[in-house]
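Q: Numbers -20 to -1, 1 to 297, taken from mature numbering (1 follows the signal peptide of the UniProt record, and there is no 0), label the letters of the sequence shown in order. C-beta: ideal position from N, C-alpha, C; glycine also. The structure's right below; bear with me while I get my questions together.
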Amino acid sequence: MRRLQFLLLLVLPLLAAADAEPVLRTVTDAPGGVASDSSDELYCDGWRLSVETGNAGPWRAIPSRCLGFVRAYMEGERYASDSAVAAADSLAFAEQALALASREVGGARPAWVFDIDETLLSNAPYYAVNGWGSQEFNETSFDEWVDVAEAPALPSSLKLYKELQGLGIHIILLTGRSEFQRNVTQVNLSFAGYHSWEKLILRQSPDIGKTAVQYKSERRAALEAEGFKILGNSGDQWSDLLGLPMATRSFKLPNPMWSAAADVKRLVLLALDSKRSEEHLGVFLAIVLLQGPGARREFDNRSAATPWPLRSFNLVM
Ligand SMILES: [Mg+2]
């Protein structure tokens, strides 16, 4: 009898283990990837992660069930908190990279590139009265807002900006705004507390029609040719960060309100034309992150084999 009890003690846990699946069960295991009983908040939190990591690819509108979520995110503490975490990571990296650069990069001038809108400046007052990104982007009304030149600073970015200056890093402002907006942009930056930048780079006439990735990559290349070593790059769109040359490290700031989706079609065409040319690898990497299924099919049709994955997905670890 004791032997039987002993055997049962050995066998029962094994039977139980055999019944269990060796996978982590979560609410997102439901068909379609989203639990049918999940709250809007749960879904929208996942949607936001997908947007910020680039998993969502190009997207044109906030899901209607997430409008309240985005408003609460932007108006509450989470937007500021997420931005502050990104800024703290940026500063920690800058201190580390600066120490390395001073040993490894001879006379190159250490630099940090900042995008402006939704990176240094917050246009939240504009979006608050324009549906927090739920309405189709209206360039005319946005430019009118830009002309007011009273967009406030994103507080954590202003803090980081000053800390980087304190470290002796050259500040480069690289924006998708156009040259005709230089004056109002300078006025607004000063209004928000930004001073003493090294360069303010805006789109010139020849840049019209270029994708953000192409335009910003070209300007980073020019900066490197001038002798800057771009340690960091901060932007709220992947198109601020992708393309060669890249900064030593790039920092994606949160923005659940809109994506630079309009660039994607042109990016795909550029990649199709350049395919395996190494100098266009940066453009291709942008496609890897941003393209949708239709673009992938188009690429497959025109390129029988490619050495690169067509799209990468970030997972929560
Ligand atoms: Mg921006």
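Need the endpoints of the alpha helix (DSSP H) that L203 sits in, please.
A: A192 to A205
Q: Out of I210, A131, S219 and A205, which has the shortest C-alpha to C-alpha gap to Y195?
A: S219
Q: Thinking C-alpha only, which one of L211, A192, A205 and Q184 is nearest L222?
A: A192
Q: For the structure I just gave you, are there three or more beta carbon pairs, one from the region 50 to 70 and one from the region 160 to 174, closer than 8 angstroms?
A: no
Q: List the endpoints of the continuous beta strand (DSSP E) containing P236.
A: That residue, P236, is in no beta strand (DSSP E); it is neither H nor E in DSSP.
Q: Within the same chain, show all residues whose beta-carbon is closer than 6 angstroms to that of R183, passing over the 5 residues directly before and after it, in chain order.
A: S158
Q: In chain order, what residues of the same chain have a beta carbon less than 8 angstroms from the beta carbon of N118, not counting five sequence neighbours either side?
A: Correct list, in chain order: N110.
Q: Using alpha carbons as the reference points, say which of L138, A36 and P236 lies closest to residue 308.
A: Residue 308 falls outside the range modelled here, since the chain spans only -20 to 297, and no answer is possible.
Q: Distance check for R199 and A251, CA to CA, integer angstroms please.
A: The predicted model places A251 with a pLDDT of 49, which falls under 50 and marks its position as unreliable; any figure quoted below should be read in that light. Rounded to whole angstroms, A251 to R199 spans 19 angstroms at the Cα level.
Q: Quick check: is any heavy atom of ligand 1 less than 6 angstroms from the C-beta of T99?
A: yes
Q: First and last residue of the alpha helix (DSSP H) that includes A108?
A: Where A108 is concerned, the enclosing alpha helix (DSSP H) stretches over A104 to A108.
Q: Since N168 and A131 should fall inside the 8 angstroms C-beta cutoff, what is the C-beta to C-beta distance between them, to a whole number of angstroms?
A: N168 to A131, Cβ: 6 angstroms. Contact.
Q: Provide the residue(s) that pair with R89 in DSSP beta bridges, ordered along the chain.
A: F208
Q: Given A88, which residues of its chain have a CB within under 8 angstroms of its CB, disregarding the five upstream and five downstream residues?
A: A81, G207, F208 and K209
Q: Measuring only from the beta carbon, is D187 closer than 6 angstroms to any heavy atom that is part of ligand 2?
A: Because ligand 2 does not appear in the structure shown, any question about it cannot be addressed here, the ligands present being ligand 1.
Q: Going by DSSP, what residue range makes up the beta strand (DSSP E) through S158?
A: Looking at the DSSP string, the run of the beta strand (DSSP E) that includes S158 is H150 to S158.
Q: Starting from R51, trace the beta strand (DSSP E) both ways and give me its first and last residue.
A: Per DSSP, R51 is not a residue of any beta strand (DSSP E); the alpha helix (DSSP H) it occupies stretches across L47 to E55.
Q: Could you check how far apart the C-beta atoms of T99 and L140 are, in whole angstroms? I think they sit under 8 angstroms.
A: Taking a contact as a CB-CB distance under 8 angstroms, the pair T99 and L140 does not count as one, their CB atoms being some 10 angstroms apart.
Q: Given the structure, does D123 come close to ligand 1, in the sense that its CB is under 6 angstroms from one of the ligand's heavy atoms?
A: no
Q: Applying the criterion that 16 or more other CB atoms from any shown protein chain within 10 Å of the CB defines a buried residue, is Q76 buried or exposed?
A: exposed
Q: Could you please give me the residues that DSSP links to I181 through a beta bridge?
A: L154
Q: Within the same chain, show all residues whose beta-carbon is closer than 7 angstroms to that of L144, passing over the 5 residues directly before and after it, in chain order.
A: A74, W92 and I151
Q: Taking the straight line between their C-alpha atoms, what separation do you get for A64 and T120?
A: 31 angstroms
Q: For Q115, does the count of other Cβ atoms within 10 angstroms reach 16, so buried, or fall short, so exposed?
A: exposed
Q: Is D216 near ligand 1, in the sense that its beta carbon is under 6 angstroms from a heavy atom of that ligand?
A: D216 Cβ: within cutoff of ligand 1.
Q: When every heavy atom of ligand 1 is checked, does at least one fall within less than 6 angstroms of the C-beta of D95?
A: yes
Q: Under 7 angstroms Cβ to Cβ from V50, same chain only, skipping five residues before and after it: list those, please.
A: I42, W112, G113, P236 and M237
Q: Helix or strand or just coil, what does DSSP make of R229?
A: strand
Q: Of all the options S197, A104 and A36, which has the alpha carbon lying nearest to the alpha carbon of R154?
A: The sequence shown places Leu at residue 154, rather than the Arg named in the question. Of the listed residues, the one whose Cα sits closest to L154 is S197.
Q: Quick one: what does DSSP say L78 is sitting in, helix, strand or coil?
A: In the structure shown, L78 sits in a helix (DSSP, three-state: H, G or I).
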